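Student:
In my numbering, the protein residues as written are 130 to 473.
Okay, here's the thing in structure tokens:
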């Protein structure tokens, strides 16, 4: 099966498995797991922040940040297709008492002009803006990237207004590779950043929240409140350390494979896709002449998995477990499926 649903389906490498088996562990709730501590320190160093906190999921990392940056009854400005708004079970409302203020971005990316227009005016009958949440890369916009300068404009203006900025950087390493820059440059002056180990970096579990020391000390408490305090979790942190040090250098292969797929699909009448818009490892294509509910089951029957992002829209995500040869095979299958449907 060629699985292009998400990079979350990646499996750990043999080196990761060995590291997990041999990991030095302790009780992380007491702060005594040496492998977790090394991971947190190294993550903070790479991201250019003071400290880090290992969390089970990206959603938890994002929501710990929301909880700490805001007060109940405040608004969080977020791009309208953002993960933190659409795919985290309304947690910012349920646990932090915050209202999302969705804003349409260009290619999923927010500009300061659009953010400023959405900020709450200083009147008594509007909830105050408590946080601006960015996403890089932007998942549902097709893996688009935000440059360090674009982020800096937003953080500079937000901080002038005493508004914190959180970055959902689940795939920030993909963005850094696409822009040929360091992740610390993309993290910039964001007050907090979350990134995932279990997507393109291919670790089995885990995400990291980084920020100032005082922020992370409080995040430790909120993680526990949300059920994220784990014990001998060094067995997971060991794999994440390998992911952090070894896997970013190969992400360009995933980007090349996504572009390879985009170029092939652009030749088919059944798809509307511009290869020039594919910046990282996510490809979102519009269907012509049929629906995703018609297309995806037929594709699965032939051994290819993809995802739906709308009634006539599909998503393909490349990763380390899909080779260029797999992409070529998937294209052959897609062509056959299109012919069978009469939309070739």
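The C-beta atom is built at its ideal place from N, Cα and C for all residues, glycine as well. From a predicted model like this one, the values you see are computed outputs, not experimental measurements.
If you measure from the CB of residue 173, is any heavy atom of the ligand FAD nearer than 7 Å?
Tutor: Questions concerning the ligand FAD fall outside what the structure shown contains, since it holds no ligand whatsoever.
Student: Take residue 388 and list the residues in its own chain whose beta-carbon comes closer than 8 Å to its own, dropping the five residues that flank it on each side.
Tutor: For the purposes of this step, residue 388 is taken as residue 259 along the chain shown, with counting starting at 1. For residue 388, where only same-chain residues beyond five positions count, the Cβ hits under 8 Å are 404, 407.
Student: If you count every other CB in all the chains shown that lies within 10 Å of the CB of residue 217, and 16 or more means buried, which is it?
Tutor: One-based indexing of the chain shown puts residue 217 at position 88. With 16 or more Cβ atoms within 10 Å of its Cβ, residue 217 is classed as buried.
Student: Thinking C-alpha only, which one of 341, 211, 215, 443 is nearest residue 179?
Tutor: The sequence position of residue 179 within the chain shown is 50, counting from 1. The candidate whose alpha carbon is nearest that of residue 179 is 341.
Student: Going by DSSP in three states, residue 448 sits in which element: helix, strand or coil?
Tutor: Along the chain shown, one-based indexing puts residue 448 at 319. Coil.
Student: How would you write the range of the alpha helix (DSSP H) that residue 207 sits in, first residue to last?
Tutor: Counting from one through the chain shown, the residue named residue 207 turns up at place 78. Careful: residue 207 lies outside any alpha helix (DSSP H), inside the beta strand (DSSP E) at 204 to 208.
Student: Hey, could you find the ends of the beta strand (DSSP E) residue 229 is sitting in?
Tutor: Mapped onto the chain shown, residue 229 falls at position 100. Unbroken beta strand (DSSP E) run through residue 229: 228 to 232.
Student: Measure the CB-CB distance between residue 243 and residue 273 and report whether it falls below 8 Å.
Tutor: Working through the chain shown from its first residue, we reach residue 243 at position 114. Working through the chain shown from its first residue, we reach residue 273 at position 144. Contact flag unset, no.
Student: I need the straight-line Cα distance from residue 318 to residue 201, nearest angstrom please.
Tutor: Along the chain shown, read from residue 1 onward, the residue named residue 318 stands at position 189. Along the chain shown, read from residue 1 onward, the residue named residue 201 stands at position 72. So the two alpha carbons sit approximately 25 Å from each other.
Student: Measuring only the C-alpha atoms, how far is residue 373 from residue 330?
Tutor: Within the chain shown, numbered from 1, the residue matching residue 373 stands at position 244. Within the chain shown, numbered from 1, the residue matching residue 330 stands at position 201. Going from the Cα of residue 373 to the Cα of residue 330 covers about 7 Å.
Student: Indicate whether the contact test is met: 3 or more Cβ pairs, each with one atom in the stretch 142 to 157 and one in the stretch 342 to 352, closer than 8 Å.
Tutor: no
Student: Please report the distance separating the alpha-carbon of residue 400 from that of residue 271.
Tutor: As a working note, residue 400 is residue 271 in the chain shown. As a working note, residue 271 is residue 142 in the chain shown. Taking the straight line from one Cα to the other gives about 15 Å.
Student: Within a Cβ cutoff of 7 Å, which residues of the same chain sit near residue 531, ignoring the five residues on either side of it in sequence?
Tutor: For the chain, the structure presents residues 130 to 473; residue 531 sits outside this window and is missing.
Student: For residue 428 versus residue 466, is the C-beta distance shorter than 8 Å?
Tutor: The residue given as residue 428 occupies position 299 in the chain shown. The residue given as residue 466 occupies position 337 in the chain shown. Contact flag set, yes.
Student: My assumption, with CB atoms under 8 Å, is that residue 322 sits in contact with residue 298. Please give the rounded CB distance.
Tutor: For the purposes of this step, residue 322 is identified with residue 193 of the chain shown, where counting begins at 1. For the purposes of this step, residue 298 is identified with residue 169 of the chain shown, where counting begins at 1. That belief holds up - the Cβ atoms of residue 322 and residue 298 are roughly 5 Å apart, short of 8 Å.
Student: Please classify residue 132: does DSSP put it in a helix, a strand, or coil?
Tutor: Counting from one through the chain shown, the residue named residue 132 turns up at place 3. Residue 132: strand per DSSP, three-state reduction.
Student: Consult DSSP for residue 436 and reduce its assignment to one of helix, strand or coil.
Tutor: Taking the first residue of the chain shown as 1, we reach residue 436 at position 307. Looking at residue 436 - three-state DSSP - the assignment turns out to be strand.
Student: Is it the case that the Cβ atoms of residue 366 and residue 145 are separated by a distance below 8 Å?
Tutor: Position 237 of the chain shown, counted from the start, is the residue given in the question as residue 366. Position 16 of the chain shown, counted from the start, is the residue given in the question as residue 145. No, the pair does not count as a contact, with Cβ atoms beyond the cut-off.
Student: Give me the Cβ distance between residue 131 and residue 459, rounded to the nearest whole Å; I'm assuming they're in contact under 8 Å.
Tutor: By 1-based counting over the chain shown, the position of residue 131 is 2. By 1-based counting over the chain shown, the position of residue 459 is 330. About 5 Å separates the two Cβ atoms, so the contact holds.
Student: What beta strand (DSSP E) runs, 3 residues minimum, are completely inside the stretch 156 to 209?
Tutor: 180 to 184, 204 to 208
Student: Going along the chain, which residues of its own chain have a beta-carbon closer than 7 Å to the beta-carbon of residue 276, five neighbours each way excluded?
Tutor: Position 147 of the chain shown, counted from the first residue, corresponds to residue 276. Answer for residue 276: 308, listed in chain order.
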